[in-house]
Structures are given as C-alpha cells and as structure tokens.
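Taken in sequence, the protein lines are chains U and F.
The first sequence begins at 23 in my numbering and counts up by one.
The second sequence begins at 23 in my numbering and counts up by one.
Quick reminder that beta carbons are idealized off the backbone N, C-alpha and C, glycines included.
2 protein chains.
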Amino acid sequence: MTAFGFELLATDGAARLGRIDTAHGPVDTPAFMPVGTAATVKAMTPDAVAATGAQMVLGNTYHLMLRPGAERVAAQGGLHRFMGWPGPILTDSGGFQVMSLAKLRTIAEEGVTFQSHIDGARHVLTPERSMAIQRDLDSDITMAFDECTPFPATWEQAERSMRLSMRWAGRSRDAFVRRPGYGLFGINQGGLYPDLRAQSAAALTEIGFDGYAVGGLAVGEGQEAMFGVLDVTVPLLPADRPRYLMGVGRPSDIIGAVMRGIDMFDCVMPTRSGRTAQAFTRRGTVNLRNARHQDDPRPLDEACGCPACRSHSRAYLHHLIRCKEILGAVLLTWHNLHYYQDVMRVLRAAIAAGTLAETANALLAEAERGDIAPLS
Amino acid sequence: MTAFGFELLATDGAARLGRIDTAHGPVDTPAFMPVGTAATVKAMTPDAVAATGAQMVLGNTYHLMLRPGAERVAAQGGLHRFMGWPGPILTDSGGFQVMSLAKLRTIAEEGVTFQSHIDGARHVLTPERSMAIQRDLDSDITMAFDECTPFPATWEQAERSMRLSMRWAGRSRDAFVRRPGYGLFGINQGGLYPDLRAQSAAALTEIGFDGYAVGGLAVGEGQEAMFGVLDVTVPLLPADRPRYLMGVGRPSDIIGAVMRGIDMFDCVMPTRSGRTAQAFTRRGTVNLRNARHQDDPRPLDEACGCPACRSHSRAYLHHLIRCKEILGAVLLTWHNLHYYQDVMRVLRAAIAAGTLAETANALLAEAERGDIAPLS
C-alpha cells in the first residue's frame with residue numbers, strides 16, 4: 023500500500039500544482055471534492071461523479087454517525103465499499119455540523135454533547151470519538167476535531183475557541199491510528215485575527231500533520247476578508263503538505279484561493295444549487311427556473327461536455343425544473359460538478375504552463391459578462 | 023425512411039416473437055415500454071433508460087399538452103429531440119388521463135372538455151385535437167382517442183362507451199396524417215363483456231389500423247378477469263399487426279398476456295415503485311424500506327446486472343431510502359426497469375426456442391418462493 027504523501031509538481035506565484043497519494047489512489051491538486059454528505063453525492067451515481075473528473079469526495083462524520091452509524095458502515099467494509107466509491111475519501115470531523123445542525127449542544131473541554139437533529143438521541147463527540155468514527159469510515163484523509171469559531175467573534179472569543187481547537191488537535195493526533203496511505207489534517211482557526219491565525223499555524227506545525235486546513239471561513243465574512251486571512255495564513259503553513267480551504271466556495275473564491283496557495287476545496291454549492299435550478303457556467307450563474315429559457319433550444323453552456331449540455335436544451339431543463347422532475351436535479355447537479363472540475367482542470371493546466379494570472383483574469387472576466395442574451 | 027411495419031418472426035402457442043419498424047428504429051417484441059410521462063422516464067437519464075435494454079418509451083399526451091405544451095415541443099423539434107431519446111416513442115391519446123386526473127370533465131360526442139389539474143385552465147380534447155397533438159410530439163405510434171370505460175360498468179354503460187370510442191376511432195383514423203414510419207393504433211374496448219369486445223374488434227378491423235391495443239383493463243378487475251378478456255379478444259385482432267395491452271402490469275400479468283398473444287406493454291409500476299422503495303426481483307417484490315435489510319451486504323438481486331445490484335448492497339439501498347436520498351429513487355427505478363427488460367429478454371428467447379411454457383412456469387414459480395431469507 024502506498025504511503026500517504028504530497029508531491030509538489032510546479033508552482034506559479036503562490037499557486038501550486040501537485041498530487042496527493044492516498045490508500046485509495048491519487049488526487050491531482052488543486053482539487054475540488056464534491057460533498058457526499060450521507061454516503062451519496064446527492065442525485066449522482068458514483069459513476070457519474072467519477073465521469074465529471076472528481077477524484078476524491080467528502081463524507082460528513084456527523085451525518086454518518088447518526089445514519090447509518092459508523093459501526094454499521096465499518097461492518098459493510100467501510101465507506102468506499104458502502105457507497106460504491108473506490109477512490110479517495112476525506113471526512114470532516116463532525117465539529118462544524120454539530121454546531122450548525124444538532125440541538126442542545128454543550129461544549130466542554132472533553133468535547134461536545136448534543137442531540138441528533140433527526141431523532142433527538144443524545145450523542146457525545148470528542149477528538150477521540152471523532153478519530154474512531156473516521157477510522158470506522160476508513161477515510162483516506164481524517165480531519166482533526168475542532169470547534170468552528172462562530173462569526174462574528176471578538177478577539178477574546180476567537181482566541182478561546184482557537185486554543186480549544188489546538189488542544190483538540192493534539193488529542194486528535196494522539197488518538198489517530200497511523201496506517202500507510204492514510205493521513206490526518208489539522209485545522210487552522212483564529213477568526214479574522216492575523217495574530218491568532220499565526221499562533222494556530224505554529225501550534226499545528228508543532229503537533230505535525232499530513233496536511234493543513236484553513237477553517238472557520240466562508241461563514242459570512244465576505245470574499246475580501248477571506249482572501250485577507252489566506253494572505254496572512256497560507257505562508258505560515260508547511261509548504262511540503264497539502265493545504266485545504268474548508269467549505270469553499272463559488273468559482274471566483276476557488277480561483278482566488280488557488281492563487282494564494284490552496285490545494286483542496288469542498289463545497290455543497292454545486293450540488294445544492296443543482297437541486298434548486300441554479301447552474302454555474304462559464305458566463306456566471308444561470309437560474310433555469312426563469313421563463314426566459316422556456317423556448318430556448320440552446321444548451322446551458324455551449325462549451326461544456328456534461329450530459330445536460332451535450333444532450334439537452336435550456337427549454338428542456340426549464341421544463342424538468344418546472345415539473346419538479348428528479349431528472350432536472352440530476353442533470354443540473356451533474357453539470358455543476360462537471361463545470362467545477364473543468365475550472366480545476368483549467369487552473370491546473372495554467373499553473374503547469376505558468377499562465378495562471380492571465381487564465382484567472384480571463385475566467386473571472388467571462389463570468390462577469392453574465393449569461394448569453396435571451397433569444398429575441 | 024423505413025415504412026411502419028410489423029414482422030412476425032416466430033410463434034410458440036399464441037405467443038409471438040416479432041419486430042416493429044418505426045421512423046426512429048426497430049422494437050423487438052414482446053416489448054415493455056417505460057413510461058415517460060412528462061418527457062422524462064422519472065429519475066432516469068435517457069442513456070440509463072437505453073442501458074436497461076428498453077427500445078421504445080411512452081409519452082403522455084395529457085401531461086405534455088399541459089406542460090410544456092405540444093406546440094412548444096414541436097418548436098423544439100419534437101419529443102425525441104426535446105427529451106433526448108432518439109429511439110421510438112408511443113404516445114397515448116390523452117383520453118385515459120383526462121378521466122383520471124383532470125377536473126370538471128364533460129364528455130360529449132365531439133370530445134371531452136376539462137380543466138387542467140395543474141392550473142385549472144380549460145381545455146378541449148377531441149379525436150382531431152389528439153391526433154394534432156401527437157403529430158406535434160412526432161410520436162412514432164399514435165393512439166386513437168378513446169374513452170376508457172369505467173370499471174365496474176353495466177353492459178349498457180360499457181356498450182355506450184365502446185360505441186363512442188369506435189366513432190372516435192374512425193375520426194382518429196380520418197384525422198391522422200400518414201407518414202412513412204409512423205403508425206396509428208386503434209383501442210379495443212367493451213369492459214368485461216365478450217360480445218362487446220368482439221363488436222369492438224370488428225369495428226376497429228373494419229376501420230383498419232397499424233396495430234391494435236386492448237384498453238380498459240388493469241383498472242381493478244383482477245388478473246383472472248383480465249386474462250379472460252384477452253382469451254376472447256386477442257384471437258379477433260388481425261394477426262399481422264402488433265397487439266398492445268395498455269397500462270399492464272406486474273411481471274406475472276405480462277407473462278400471462280404474452281402467452282395469450284400480446285406484443286407490447288407499458289406500466290408506471292417499475293418507475294413508480296422505484297420511488298417508493300419497492301423492487302421487482304426474480305424472487306418477487308422486495309420492500310427495501312424494511313429494517314431487515316439494514317445490515318445486509320448482499321445485492322438486491324444476485325442475478326441482476328443493473329448498477330444497483332452490481333455496485334451496491336441492500337444495506338446501502340435501505341440507507342438511501344431511509345435518508346430520502348434521490349440516488350435511492352434513481353437506483354431502484356434503474357433496477358426495476360432493468361428487471362422488466364430482463365423478463366422481456368427471457369420471454370423473447372423462450373418464444374424463439376419454443377420453450378415458453380416451461381420458462382413462464384419457472385419464472386412464476388421462482389417469484390412465488392419470495393425473497394431470500396434474511397441474514398441470521
């Protein structure tokens with residue numbers, strides 16, 4: 023079995039072209055991971071996910087510990103086998119979703135006590151329990167258990183929260199069982215405060231991880247503030263390990279973060295938007311529920327090779343959405359994931375060619391032009 | 023362009039192996055047509071439908087005239103192009119669904135006036151209008167406009183209804199525009215009354231159609247009564263034309279009807295059941311919502327080659343259904359349609375080999391054994 027590793031293949035400014043090797047295969051970076059919350063990338067077969075070019079998917083510890091349960095997944099041979107995804111899988115630690123979804127949460131030094139949002143059952147999540155669950159799931163990349171610092175937060179709140187996450191990061195490292203091909207990532211916190219981000223980076227580096235995530239962003243601070251945090255934080259993360267910006271984002275967020283040295287991304291946006299008629303295209307976002315599409319025989323995105331764009335018209339996609347047909351959600355999700363992977367392919371090629379700045383400007387300018395004109 | 027035609031290739035008792043040629047390609051019979059109500063076989067991409075082995079799909083005139091509208095489909099190049107299904111399409115006449123779905127229906131000699139179940143808008147459907155809509159849709163097989171006789175019905179009610187349908191059949195024939203590769207089917211009515219079925223068969227044969235459907239069945243009369251109607255009706259239909267049993271049915275219904283000389287079937291059962299956790303298998307129906315499946319690593323149907331059975335366990339399918347995941351509906355629909363096509367493949371091979379009776383008995387006996395035993 024291959025060792026877990028990260029190979030840096032090329033750089034262009036702060037941006038990096040690389041490859042992560044995991045127990046379940048390689049991942050070319052910069053990479054976007056579709057979110058497979060409950061052991062399924064919503065509305066997609068595993069074959070369809072792979073056909074978009076995605077190499078790694080994300081699973082949610084919080085959802086999977088509640089349904090079907092981590093022990094049950096382990097008894098079925100792990101998450102790869104359970105969901106029919108043979109490639110690499112990263113799981114989050116459960117910390118973020120406990121705070122956003124669970125009821126009656128109590129945070130203590132030991133961990134978090136909460137009630138399931140599904141049936142109200144009481145659960146405890148600690149760094150040790152999170153590591154055990156993620157091992158049951160057989161995640162190629164395990165995330166350290168952390169508290170996602172609320173936004174907005176005062177310096178004192180952010181400092182207290184970051185220090186707790188750093189203690190939990192140490193306990194996660196201690197509890198994580200090392201196996202060849204499997205990695206553990208630490209999560210940088212500190213809100214919007216550069217000094218806290220720096221202290222967090224130093225603490226994580228001191229503990230030592232196989233990769234470093236930037237957490238607590240994309241929570242309402244805006245793109246400029248997010249990029250500001252990356253500008254001061256990314257240079258402090260070890261250059262020989264992959265860097266992962268959690269829960270981000272829109273294509274323009276990803277482009278800007280790649281230019282600042284981020285290697286990995288995940289976000290529900292392409293999948294969730296696919297179920298609510300929103301399409302991401304080379305010309306920005308398009309709302310297919312709008313009646314302007316109802317007689318439009320043109321594809322959603324002329325330059326896209328996904329099944330929705332190759333085989334169907336805007337008129338048809340609009341019709342499916344209007345009739346609440348499952349195929350509408352399937353095709354738009356497929357398109358959005360395919361488009362996100364296209365963006366990553368373009369960014370990787372540009373880094374290899376040393377033309378990232380021009381490529382990024384061209385992508386952003388085209389998106390800002392907005393959708394093609396309606397048919398007269 | 024090929025002429026519309028039916029070639030009889032072999033018989034085994036009353037059962038027939040054949041091939042229908044249409045403007046959009048051939049259909050091997052006995053054939054099962056998945057139902058694509060609103061220009062989509064629910065939860066399936068067109069590629070997935072084709073991968074099950076289906077060669078022809080059914081579209082619903084009633085749904086399509088309301089949304090997106092027949093003229094809109096025509097402007098998009100017809101239903102094949104609109105829904106991305108290049109193969110043959112049969113459309114029903116709208117008569118059945120006006121009676122089951124629309125509001126404030128008024129039946130007169132001229133046709134049916136009704137209000138849309140979607141927005142209450144007033145519409146009129148006549149034989150002439152039904153032919154025009156089906157031509158707009160570009161259906162390979164157009165169905166004559168008829169009234170589906172209610173069940174139960176007295177002889178007098180069934181007789182009056184059948185006579186109206188026969189007059190409408192004549193008007194449908196007059197209004198249908200003949201084109202090479204396109205066919206018009208008449209629909210036999212008469213309730214459970216053999217004399218009325220015989221009069222209807224004579225009336226339709228006198229008018230002359232490219233195929234003959236048996237209508238008004240699978241409406242609550244039970245399998246025995248349905249087979250009884252087929253026993254007296256099918257021998258009266260022209261042997262050199264395809265015969266279509268509308269809206270049928272369960273696998274055992276199809277097997278029995280094939281043995282009585284029926285060539286074509288359609289039913290929402292495999293697709294609708296796929297969205298409600300019901301699977302059709304070689305061992306009968308299986309309810310995947312049942313907790314007995316939650317730790318079962320075995321495939322739904324060991325002998326099935328569909329993606330749900332090749333790549334996933336019962337435990338995973340149960341999990342998807344429990345979490346109301348779209349992929350659950352997708353995989354079960356795929357399986358059910360694949361299984362239905364497997365049944366048709368087996369029946370066609372048995373007719374070719376002259377072993378239909380044994381094959382049918384074996385299929386029915388295996389289904390009656392029920393599902394495999396739960397894991398202890």
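- Query: From Asn210/U to Val146/U, what distance separates their C-alpha atoms?
  - Reply: 23 Å
- Item | Residues of its chain near Thr74/U, where Cβ-Cβ distance is below 6 Å and the 5 sequence neighbours each way are ignored | Leu359, His360, Gln363
- Note down, in chain order, each residue of its chain lying with its Cβ closer than 7 Å to the Cβ of Cys170/U, except the 5 sequence neighbours on either side. Gly117, Phe118, Met121, Gly237, Gly238
- Residues from the region 123-151 of chain F in contact with chain U, defined by Cβ distance under 7 Å: none
- Query: If you measure from the CB of Glu181/F, is any heavy atom of the ligand MG nearer than 7 Å?
  - Reply: With respect to the ligand MG, the structure shown offers nothing to examine, as it has no ligands at all.
- Item | Beta-carbon neighbours of Phe398/F, restricted to chain U and to distances below 9 Å | Before going on, a small fix: residue 398/F reads as Ser here, not Phe. Near Ser398/F there are no residues of chain U at all, since even the closest Cβ is about 15 Å away, more than 9 Å.
- Pairwise C-alpha distance: Glu388/U and Ala382/U: 10 Å
- Same chain only: Cβ atoms within 6 Å of Gly278/U, ignoring 5 sequence neighbours per side: Phe249
- Cβ-based contacts, 9 Å cut-off: residues of the region 334-366 of chain U near chain F: His334, Ser335, Ala337, Tyr338, His340, His341, Leu342, Arg344, Cys345, Glu347, Ile348, Leu349, Gly350, Ala351, Val352, Leu353, Thr355, Trp356
- Message: Using the Cβ count rule (16 or more neighbours within 10 Å means buried), how would you classify Gln156/U?
- Response: buried
- Query: So which residues on chain U does Arg94/F lean against when the C-beta distance must stay under 9 Å?
  - Reply: Gln316, Asp317, Ala337, His341
- Query: When the Cα of Ala395/F is compared with those of Pro52/F, Cys326/F, Ala330/F, Arg320/F, which residue comes out closest?
  - Reply: Arg320/F
- Using a C-beta to C-beta distance shorter than 8 Å, which residues of chain F count as neighbours of Gly106/U? Ser333, His334, Tyr338
- Query: Can you tell me the Cα-Cα spacing of Arg265/U and Asp34/U, whole angstroms?
  - Reply: 16 Å
- Item | Positions along the region 65-86 of chain U whose CB lies within less than 8 Å of some CB in chain F | Ala65, Met66, Thr67, Pro68, Asp69
- Item | Other residues of its chain near Arg297/F: CB distance less than 6 Å, five sequence neighbours each side excluded | Ala351
- Task: Kindly indicate which three-state DSSP category Ile373/F falls into: helix, strand or coil?
- Result: helix
- Message: At the 8 Å Cβ level, is Arg89/U part of the contact set with chain F, yes or no?
- Response: yes
- Task: Mark Ile42/U as exposed unless 16 or more other C-beta atoms lie within 10 angstroms of its C-beta, in which case mark it buried.
- Result: buried
- Using the C-alpha atoms, what's the distance from Val241/U back to Gln221/U? 21 Å
- Message: Taking the alpha-carbon of Gly91/F as reference, which of Leu159/F, Arg367/F, Glu150/F has the nearest alpha-carbon?
- Response: Leu159/F
- Query: Is the CB of Ala299/F under 8 Å away from at least one CB in chain U?
  - Reply: no
- Collapsed DSSP secondary structure at Met121/F in the structure displayed: helix
- Message: Please give me, in chain order, every unbroken run of the beta strand (DSSP E) with length at least 3 that falls completely inside the region 139-203 of chain U.
- Response: 144-147, 163-165
- Within this structure, are the beta carbons of Leu123/F and Gln137/F separated by less than 8 Å? no
- Query: How about Tyr234/U and Pro216/U: are their beta carbons less than 8 Å apart?
  - Reply: no
- Inter-residue Cα distance where the pair is Trp190/U and His139/U: 24 Å
- Contacting residues, own chain, Cβ-Cβ under 8 Å from Val256/F (five flanking each side not counted): Ala36, Val236, Arg265, Arg282, Gly283, Ile284
- Interface partners of Pro329/F on chain U, CB under 8 Å: Thr67, Asp69
- Just grab the DSSP bridge partners of Asp34/F for me. Ala37/F
- Message: Can you list, in chain order, the residues of its chain with a C-beta nearer than 7 Å to that of Ala325/U? Leave out the 5 residues immediately preceding and following it.
- Response: Arg304
- Message: Please identify, using Cβ separations under 9 Å, the residues of the region 205-225 of chain F that lie next to chain U, in order along the chain.
- Response: none
- Query: Who are the near neighbours of Tyr204/F in its chain, counting only those whose CB is closer than 8 Å to its CB and skipping five residues on each side?
  - Reply: Phe26, Thr44, Ala45, Ser161, Asp162, Ile163, Thr164
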